[in-house]
Amino acid sequence: MNAKLIRLESIADAAHAQLRQCGESLRKAREEFDALDRHRENLEEKDFSLSAPDKTRHETLSARIEHLVEKYDELRADHRAKRDLFTRCKEHADG
Numbered sequence: 000m001n002a003k004l005i006r007l008e009s010i011a012d013a014a015h016a017q018l019r020q021c022g023e024s025l026r027k028a029r030e031e032f033d034a035l036d037r038h039r040e041n042l043e044e045k046d047f048s049l050s051a052p053d054k055t056r057h058e059t060l061s062a063r064i065e066h067l068v069e070k071y072d073e074l075r076a077d078h079r080a081k082r083d084l085f086t087r088c089k090e091h092a093d094g
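Right, here's the structure in full:
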């Protein structure tokens with residue numbers, strides 16, 4: 000592979016790493032949100048509600064998840080475009 004193809008592959012790999020990192024952050028935020036949601040449901044069964052800090056954390060996690068989903072979609076499209084460009088250039092160079 001020539002230097003330009005190696006560079007394109009490196010760029011695509013970096014985009015993939017960003018995508019994986021965002022996916023991991025999204026997974027962790029969803030797990031924390033779900034745990035807090037289960038805690039809230041447990042409290043409501045006993046006629047209690049979340050404390051003010053827990054309510055704030057619940058809202059913050061909800062907003063974070065929304066942001067991360069949007070970011071993940073953007074990163075996925077970016078990665079796909081970069082990987083497709085690398086693949087087309089490699090096929091052209093091989094062909």
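Everything in the sequence shown is counted per numbering that gives the first Met the number 0, starting at 0 for the first residue and increasing by one. A virtual CB, placed ideally from N, CA and C, is assigned to each residue, including glycine.
In the three-state reduction of the DSSP assignment, L49 falls in the coil class, being assigned neither a helical nor a strand state.
Closest by C-alpha distance to Q17, out of D77, T55, C88 and K89, is D77.
In this structure, DSSP gives N1 a state outside helix and strand, which the three-state scheme calls coil. With the rule of 3 Cβ pairs closer than 8 Å, the stretch 56-68 counts as touching the stretch 21-40. Excluding five sequence positions before and after H57, the CB atoms of its chain that fall closer than 8 Å to its own CB belong to F32, L35, D36, R39 and L49, given in chain order.
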